[in-house]
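Protein chains in written order, with my numbering: chain A, 190 to 627; chain B, 705 to 781.
We put the CB at the ideal spot given by N, CA and C, even for glycine.
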């Protein structure tokens with residue numbers, strides 16, 4: 190460990206931060222429906238998910254050997270490129286969290302890697318065919334597979350249980366839902382914590398600390414597991430809200446059908462080897478379950494925003510990754526600037542999120558995105574950020590307390606602090622508007 | 705660019721079949737248990753025994769538990 194350079198240290202910390210946002214972002218996959226149907230209390234749900242994520246991180250020793258699974262050519266991948274990619278992925282994860290949209294953390298990482306690699310080594314470093322087969326096609330297939338299964342399962346379960354007493358069955362549905370949510374959490378911990386372990390191990394190998402082909406040291410496994418569990422426990426309540434209430438209203442039978450179809454689709458896909466994004470599978474399952482009930486509705490406006498976010502994930506994270514790589518290429522000061530921008534950007538996003546906090550206390554409240562709440566964040570976020578995000582933050586809870594509403598001076602402060610970071614992303618947008626056609 | 709349609713197709717087919725089967729079996733178990741409760745209430749008023757419903761329900765749950773165990777083994781492997 191004594192040979193770890195400063196850059197390597199930064200990459201490891203950044204990888205753990207990405208791992209954290211990953212857990213934070215993906216709590217919704219396992220627990221959104223469990224929380225919204227009332228099967229578990231919000232805090233209990235995220236605690237259970239966090240523990241299972243941690244357990245999952247230790248369950249399998251099959252650590253990802255590549256970061257991108259062949260999307261980019263990883264020979265001679267420089268440590269700073271990994272850093273730039275992580276910056277892109279983290280910022281996109283935070284931004285989608287701010288607007289409460291579920292999007293794939295893996296795709297954000299792929300996007301960041303593609304952007305940084307293109308900036309570093311040119312277009313030839315990207316394997317376009319693999320982008321289609323590993324990112325674009327699964328993005329279309331995942332919601333269809335899980336959605337159709339959830340729709341049919343919902344219909345079936347309503348038909349079978351139609352003559353039974355609703356009160357007696359709902360307890361059973363809850364138990365079933367918790368079991369399938371647990372499976373999703375476990376699978377998530379195994380897959381995604383390992384991705385981070387893979388990144389750190391790869392960085393250690395490129396940095397010459399570990400021999401090629403070495404297994405990750407214990408501290409890497411532990412820290413990756415803890416980071417993802419911590420993120421999960423803190424809970425991306427905004428995304429939980431969108432998935433649990435924003436897309437559709439779920440009753441216990443639907444929640445059970447959705448969660449079971451998600452768990453099955455995730456395990457089947459990783460077992461057969463056509464990997465699907467957990468986020469996209471779960472969102473599809475929720476929509477499918479919404480459609481499966483008689484009189485059930487899916488809020489297509491929220492769904493459309495979500496689809497747009499999926500489409501933007503790769504190019505947007507790629508642009509930020511490319512911009513970050515452009516900076517890190519300049520040497521030490523560039524890396525320091527990138528790190529500062531990452532911290533500043535995250536702080537801005539966090540402070541914006543405090544304007545309308547969503548947490549375990551209001552995550553299942555009924556009021557969703559009153560027009561006023563819709564317009565407000567969009568007015569604050571500058572056009573530069575608006576260019577890379579889907580329109581208004583609809584699913585944000587409209588439960589801001591009066592004290593926050595009257596905080597006029599605080600508002601202007603936020604407006605001022607946002608300008609440096611948004612200027613940076615504006616540069617990134619202007620720089621490389623074309624790579625969006627990856 | 706080679707798209708593995710066979711893998712995609714089998715993911716689709718297997719997910720669909722397993723989900724529908726599991727949800728169906730589990731629902732049968734829940735319904736069986738609730739029937740058993742109704743029957744017990746009925747027996748107080750001189751109704752019939754509810755053993756078959758209960759056994760059936762537990763069989764259904766056992767099947768689901770086996771599926772969960774298989775799922776965990778897939779994660780660990």
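Exposure label - residue i; buried when at least 16 CB within 10 Å
{"i": "residue 208 of chain A", "result": "buried"}
{"i": "residue 362 of chain A", "result": "buried"}
{"i": "residue 543 of chain A", "result": "exposed"}
{"i": "residue 592 of chain A", "result": "A caution first: residue 592 of chain A carries a pLDDT of 39, below 50, which makes its placement in the model unreliable, though a value can still be read off. Result: exposed."}
{"i": "residue 404 of chain A", "result": "exposed"}
{"i": "residue 504 of chain A", "result": "buried"}
{"i": "residue 476 of chain A", "result": "buried"}
{"i": "residue 400 of chain A", "result": "exposed"}
{"i": "residue 763 of chain B", "result": "exposed"}
{"i": "residue 439 of chain A", "result": "buried"}
{"i": "residue 594 of chain A", "result": "With a pLDDT of 39 at residue 594 of chain A, under the threshold of 50, the predicted position of this residue should be treated as unreliable, though the coordinate-derived value follows. That one is exposed."}
{"i": "residue 426 of chain A", "result": "buried"}
{"i": "residue 774 of chain B", "result": "exposed"}
{"i": "residue 332 of chain A", "result": "buried"}
{"i": "residue 541 of chain A", "result": "buried"}
{"i": "residue 739 of chain B", "result": "buried"}
{"i": "residue 766 of chain B", "result": "exposed"}
{"i": "residue 441 of chain A", "result": "buried"}
Reduced DSSP category for residue i - H, G, I as helix; E, B as strand; rest coil
{"i": "residue 194 of chain A", "result": "coil"}
{"i": "residue 261 of chain A", "result": "strand"}
{"i": "residue 487 of chain A", "result": "strand"}
{"i": "residue 553 of chain A", "result": "coil"}
{"i": "residue 437 of chain A", "result": "strand"}
{"i": "residue 315 of chain A", "result": "strand"}
{"i": "residue 520 of chain A", "result": "coil"}
{"i": "residue 740 of chain B", "result": "helix"}
{"i": "residue 546 of chain A", "result": "coil"}
{"i": "residue 360 of chain A", "result": "helix"}
{"i": "residue 761 of chain B", "result": "helix"}
{"i": "residue 384 of chain A", "result": "helix"}
{"i": "residue 354 of chain A", "result": "coil"}
{"i": "residue 781 of chain B", "result": "coil"}
{"i": "residue 328 of chain A", "result": "helix"}
{"i": "residue 228 of chain A", "result": "coil"}
{"i": "residue 396 of chain A", "result": "coil"}
{"i": "residue 442 of chain A", "result": "helix"}
{"i": "residue 164 of chain A", "result": "For residue 164 of chain A there is no data in the structure shown, the boundaries of chain A being 190 and 627."}
{"i": "residue 756 of chain B", "result": "helix"}
{"i": "residue 706 of chain B", "result": "coil"}
{"i": "residue 482 of chain A", "result": "coil"}
{"i": "residue 289 of chain A", "result": "coil"}
{"i": "residue 463 of chain A", "result": "coil"}
{"i": "residue 266 of chain A", "result": "coil"}
{"i": "residue 404 of chain A", "result": "coil"}
{"i": "residue 249 of chain A", "result": "coil"}
{"i": "residue 424 of chain A", "result": "coil"}
C-beta atoms of residue i and residue j nearer than 7 Å
{"i": "residue 727 of chain B", "j": "residue 376 of chain A", "result": "no"}
{"i": "residue 468 of chain A", "j": "residue 293 of chain A", "result": "yes"}
{"i": "residue 195 of chain A", "j": "residue 268 of chain A", "result": "no"}
{"i": "residue 281 of chain A", "j": "residue 506 of chain A", "result": "yes"}
{"i": "residue 414 of chain A", "j": "residue 246 of chain A", "result": "yes"}
{"i": "residue 481 of chain A", "j": "residue 352 of chain A", "result": "no"}
{"i": "residue 514 of chain A", "j": "residue 386 of chain A", "result": "no"}
{"i": "residue 447 of chain A", "j": "residue 478 of chain A", "result": "yes"}
{"i": "residue 291 of chain A", "j": "residue 428 of chain A", "result": "yes"}
{"i": "residue 272 of chain A", "j": "residue 216 of chain A", "result": "no"}
{"i": "residue 346 of chain A", "j": "residue 731 of chain B", "result": "yes"}
{"i": "residue 297 of chain A", "j": "residue 278 of chain A", "result": "yes"}
{"i": "residue 719 of chain B", "j": "residue 357 of chain A", "result": "no"}
{"i": "residue 243 of chain A", "j": "residue 418 of chain A", "result": "yes"}
{"i": "residue 359 of chain A", "j": "residue 735 of chain B", "result": "no"}
{"i": "residue 299 of chain A", "j": "residue 324 of chain A", "result": "yes"}
Any non-hydrogen atom of the ligand NAD closer than 6 Å to residue i Cβ
{"i": "residue 340 of chain A", "result": "The model depicted lacks the ligand NAD and carries no ligand whatsoever."}
_Sufficient close CB pairs (3 or more, under 8 Å) joining the stretch 461-468 of chain A to the stretch 713-730 of chain B_ = In short, these stretches touch, since the Cβ pair count reaches three.
_Using a Cβ-Cβ cutoff of 8 Å, what residues of the stretch 706-724 of chain B are near chain A? List them in chain order._
Listed by position along the chain: 706, 707, 708, 711, 712, 714, 715, 716, 718, 719, 720, 722, 723 and 724.
_Interface residues of the stretch 317-334 of chain A facing chain B [CB-CB below 7 Å]_ = From the stretch 317-334 of chain A, only 318, 321, 322, 326, 330 and 334 have a Cβ closer than 7 Å to chain B.
*Would you call the stretch 311-323 of chain A and the stretch 442-460 of chain A touching, i.e. three or more CB-CB distances under 8 Å?*
These segments do not touch.
_chain B contacts made by the stretch 445-457 of chain A, where a contact means CB separation under 8 Å_ = Taking 8 Å as the cut-off between beta carbons, the residues of the stretch 445-457 of chain A near chain B are 445, 446, 449, 450, 452, 453, 454, 456 and 457, in sequence order.
_Below 8 Å, how does it come out for the stretch 226-236 of chain A and the stretch 296-307 of chain A: are there three or more Cβ pairs, yes or no?_
Contact between the stretch 226-236 of chain A and the stretch 296-307 of chain A is absent, because fewer than three Cβ pairs lie under 8 Å.
*Specify whether the stretch 363-371 of chain A and the stretch 211-228 of chain A touch according to this definition: at least 3 beta carbon pairs, one from each stretch, less than 8 Å apart.*
With a cut-off of 8 Å, the stretch 211-228 of chain A and the stretch 363-371 of chain A count as touching, because enough Cβ pairs lie within range.
_Can you confirm whether the stretch 407-423 of chain A touches the stretch 517-531 of chain A when touching is taken to mean that 3 or more C-beta pairs between the two stretches lie within less than 8 Å?_
When C-beta atoms of the stretch 517-531 of chain A are compared with those of the stretch 407-423 of chain A, fewer than three pairs fall below 8 Å, so the two segments do not count as touching.
_the stretch 464-488 of chain A: positions lying closer than 8 Å to chain B by Cβ_ = Across the stretch 464-488 of chain A, CB contacts with chain B closer than 8 Å involve 465, in sequence order along the chain.
*Just by C-beta distance, which residues in the stretch 211-231 of chain A are closer than 8 Å to chain B?*
Residues passing the 8 Å Cβ filter: none.
*For the stretch 763-779 of chain B, enumerate the residues whose C-beta is nearer than 8 Å to any C-beta of chain A, in chain order.*
Contact residues of the stretch 763-779 of chain B toward chain A are 768, 772, 775, 776, 778 and 779 (C-beta to C-beta distance below 8 Å).
*Looking at chain B, which residues of the stretch 382-396 of chain A have a Cβ within less than 7 Å of any of its Cβ atoms?*
The stretch 382-396 of chain A vs chain B, Cβ under 7 Å: nothing.
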